[in-house]
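Input: a single structure, listed below in structure tokens.
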Amino acid sequence: MPDDFFRADGPSGGEGVEVVIGAHPVQPGRNLGKVNTFTFDPTSADFSTPCLMYENFINQTVKRLYPNPMGQLRKALNTNLDFFFLGINGSFDGCTQIFPYG
Numbered sequence: 002m003p004d005d006f007f008r009a010d011g012p013s014g015g016e017g018v019e020v021v022i023g024a025h026p027v028q029p030g031r032n033l034g035k036v037n038t039f040t041f042d043p044t045s046a047d048f049s050t051p052c053l054m055y056e057n058f059i060n061q062t063v064k065r066l067y068p069n070p071m072g073q074l075r076k077a078l079n080t081n082l083d084f085f086f087l088g089i090n091g092s093f094d095g096c097t098q099i100f101p102y103g
């Protein structure tokens, strides 16, 4: 490790994230294919809608990247998506787990 590199001793969680989000609010949206084209999208998730953010990540991002995984890839995706849900639901209780690959 480089000199003056410090890291927390042990696992950490999402404590205090609301302070950062409150100080630096970001509206949901996306760039429209060019620099400086960020456009607000009221149907997109933001940090005030964590369950929608989780749902969009699974249904829009993961399923587009891996439309029909098989074998070890499918098993690994299911394992990692389960870990991801446990982290999301542990911080923002009340989300419904999605199983895109059974």
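Residue numbering for the sequence shown follows the numbering used here, starting at 2 and increasing by one per position. All C-beta atoms, glycine included, are put in the ideal place defined by N, C-alpha and C.
Asked                                                                              : Found
Cβ-based burial, L82 [other Cβ within 10 Å; buried from 16]                        : buried
Exposure of V63, with buried meaning 16 or more beta-carbon neighbours within 10 Å : buried
Presumed contact (8 Å Cβ cut-off) between I99 and N57, rounded CB distance         : About 10 Å; that fails the 8 Å criterion.
Per-residue DSSP class, three states only, for T40                                 : strand
Check whether C96 and P29 have beta carbons under 8 Å apart                        : no
Which residues DSSP lists as bridging R65, in chain order                          : Looking at the DSSP assignment, R65 forms no beta bridge with any residue, so it has no partner.
Minimum C-alpha distance to F93 - residue among Y55, A9, Q73, K76                  : Y55
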